[in-house]
Ligand code: AMP
């Protein structure tokens, strides 16, 4: 039996993490834990954590580390043995990464690969500026307003387009700045552990997916910790 996959997807907002996660979920037996989506779900339910999250979304800032670490600890602790995970949006700070290392050690799991999707700021701004979420058809998914075929399909099937509040232009700039300051240092952190793989996020999602699968197959064949 192959070892369960333990994947972290890093990448600036707009790099396509959620699109890639969805595609990988269909291919491997793993749970996707997408912290941003999780917080947006809480916000739409109006829970305490959701209300807290909204105040950070508006500013394009990160929630406190201890809140996020508690969420991930709960989720990963409940994961059945033999089932893998893909983290989309966590960790986002070195402190979160350190806490995750401790947790994984406790759970007797080790990272298969950290995949960093790289994208120019120009492309990130273009993608986020035109991004809308198609809601009302199950799990919300992103599309670009210039992709008229997807826009029409969303609406024809009874979905509706919503712009995430944090995709407003002034917030986008702040989110990219936050990524550079807080999250980009994780590349060094994971490079030192020998698990980092940087992949260009330019191009079609299928091309990016093929590169990710290549990395995962290689990492599974040669586990970093052995
Ligand atoms: P995302 O959907 O991954 O772009 O996340 C949306 C927002 O959720 C971020 O801009 C943060 O405010 C918050 N968020 C998601 N994940 C984390 C995390 N690991 N640490 C702190 N804040 C987070």
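Residue numbers (my numbering): 94 to 319. Note that CB positions come from ideal geometry on N, CA and C, so glycine has one too.
| Per DSSP, which one or two residues make a beta bridge with residue 207? | 101 and 289
| query | From which residue to which residue does the alpha helix (DSSP H) around residue 221 run? | reply | It spans 214 to 222 - the alpha helix (DSSP H) in which residue 221 sits, taken as one unbroken run.
| query | Thinking just about the alpha-carbon of each residue, which of 139, 153 and 189 is nearest to the one in residue 160? | reply | 189
| request: Going by CA-CA distance only, name the one from 275, 213, 289 and 178 that's closest to residue 197. | output: 178
| said: Just checking residue 161 against ligand 1 - is the residue's beta carbon closer than 7 Å to any of the ligand's heavy atoms? | reply: yes
| Same chain, Cβ closer than 8 Å to residue 95, five either side skipped, listed in chain order | Taken in chain order, the residues that qualify are 313.
| Completely contained alpha helix (DSSP H) runs for the segment 124 to 154, where each covers 4 or more residues | 128 to 138 and 141 to 152
| By a C-beta neighbour count over all protein chains shown, 10 Å radius and 16 as the cutoff for buried, is residue 241 buried or exposed? | Answer is exposed; the Cβ neighbour count stays below 16.
| query | Helix, strand or coil: which one does DSSP assign to residue 232? | reply | coil
| message | For residue 107 and residue 212, I'd like the C-alpha separation in whole angstroms. | response | 8 Å
| task | Return yes when the C-beta of residue 241 is under 7 Å from any heavy atom of ligand 1, and no when it is not. | result | no
| query | Mind checking whether the beta-carbon of residue 154 lies closer than 7 Å to any heavy atom of ligand 3? | reply | In terms of ligand content, the structure shown lacks ligand 3 and carries ligand 1 instead.
| Candidates 296, 257 and 239: closest to residue 226 by CA position | Nearest of 296, 257 and 239 to residue 226, Cα basis: 257.
| task | Give the range of the beta strand (DSSP E) segment to which residue 179 is assigned. | result | 177 to 181
| field | Spatial distance of residue 310 from residue 279 (CA atoms) | value | 23 Å
| Is the Cβ-Cβ distance between residue 112 and residue 298 less than 8 Å? | For residue 112 and residue 298, yes; Cβs fall inside 8 Å.
| query | Which of the three DSSP states, helix, strand or coil, is assigned to residue 249? | reply | helix
| request: Name the two residues that bound the continuous alpha helix (DSSP H) containing residue 276. | output: It is not in any alpha helix (DSSP H) - residue 276 carries neither H nor E in the DSSP assignment.
| Thinking C-beta only, is residue 260 closer than 8 Å to residue 224? | yes
| message | Taking the straight line between their C-alpha atoms, what separation do you get for residue 98 and residue 127? | response | 16 Å
| message | Output needed for residue 319: all residues of its chain with C-beta closer than 7 Å, excluding positions within five of it in sequence on either side, in chain order. | response | Bear in mind that a pLDDT of 42 at residue 319, under 50, signals an unreliable position, so the number given afterwards is only what the model happens to contain. None.
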